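Participant: Everything in the sequence shown is counted per full-length UniProt numbering, starting at 1 for the first residue and increasing by one.
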Amino acid sequence: MIRLHHVPLARSLRVMWLLEELGLDYQVAYYSIRDGSMRSAEFLALSPAGRVPVLEHQRAVWFESGAIVQLLCETYPEAGLMPALGSAERARCLEIFGYAETVGCLLENLNLNQVFLRPPAQPAPVVVKLLNARLRASLAAMEARMEEEYLLPSGFSAADVMFAYGFELARYYVDLDAYPRLMAYWARLRARPAYVRAKARDGVQDLYTQEFYPVPEGA
Ligand SMILES: N[C@@H](CCC(=O)N[C@@H](CS)C(=O)NCC(=O)O)C(=O)O
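1) DSSP beta-bridge partners for V54?
2) When you compare only the Cα positions, how much space is there between H5 and E42?
3) Whole-angstrom Cβ separation of G66 and F97, contact assumed at under 8 Å?
4) Please state if the CB of A159 and the CB of Y150 are separated by a distance shorter than 9 Å.
5) Residue range of the alpha helix (DSSP H) that Y185 falls in?
6) What distance in whole Å lies between the Cβ atoms of V15 and P48, which are believed to be in contact at a cut-off of 8 Å?
7) So, using beta-carbon positions, are A164 and W186 closer together than 9 Å?
8) Look at Y172 and F212 and say whether their C-beta atoms are less than 9 Å apart.
9) Return yes when the Cβ of F156 is within less than 9 Å of the Cβ of L81, no when it is not.
10) List the endpoints of the continuous beta strand (DSSP E) containing V28.
11) If you draw a straight line from the C-alpha of residue 276 to the C-alpha of P125, how long is it?
12) If you run the structure through DSSP and keep just helix, strand and coil, what is L169?
13) Excluding sequence positions up to five away, which residues of its chain have a Cβ less than 6 Å from the Cβ of S37?
14) Entirely within the UniProt domain "GST C-terminal" (86-215) and at least 4 residues each: give me those alpha helix (DSSP H) ranges in chain order.
15) Go through its chain and collect everything with a Cβ distance to L46's Cβ below 8 Å, but skip five positions before and after it.
This is how it looks when you write it as structure tokens:
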């Protein structure tokens, strides 16, 4: 039995996409960040910080998207979605796993300021401006390195699943046309049948109510 605990458009989409790439059967338990369902005692027993993703995999329970992605790749090595232990590409792959969360944390902080704060709380314009600049710099660095079709020279891998999720979300905060190589890369990834299947199961997101969140005036 495999069950993914998932919020539409959250980091659990990384795991959903990988499960589809691996061709595994899985159930999905859907949550919302807004309705309190992730603060239930039952969910907190699975996820100490009350976050998604959580993956129940046979008798194991795994949290943290990067760890889950790595564990799945190691459990199903025949899919070849992570380079061999000790190889130079493995090092690059793990760097990208971490980098994906550098981007993920910037997005999370932008979300807190721009999406989740409710009046009378107000976003801090200077903080949003700084987060936005850091996000643009993180993407620009990847744009500069994007020389191959995928992030690893050997081809599509779990590193793409980890990083591309954040690139997809960054569109709410930055103009992605500033990164033409990443845009072409993202178009290749979006066309993958496994990604299309994952999006079909993702569900309807209730996080973003605008197409774009500019840096507030006066920053
Ligand atoms: N580093 C963790 C972060 C997990 C995380 O923050 N998930 C968000 C959704 S993208 C969440 O569950 N947020 C719930 C909340 O903030 O209450 C991972 O990669 O799994």
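Where a beta carbon is used, it is the ideal one built from N, C-alpha and C, also for glycine.
As the structure is a computational prediction, the values presented were derived from the model and not from experiment.
Facilitator: If we stick to the structure as given:
1) H5, F63
2) 12 Å
3) 5 Å
4) yes
5) 180-190
6) With a Cβ gap of about 17 Å, P48 and V15 do not count as contacting.
7) yes
8) yes
9) yes
10) 27-30
11) Because the chain spans 1 through 219 in this model, residue 276 falls outside it and cannot be assessed.
12) helix
13) Y31
14) 88-111, 125-145, 158-170, 180-190, 193-202
15) H5, V54, E56, V61, F63
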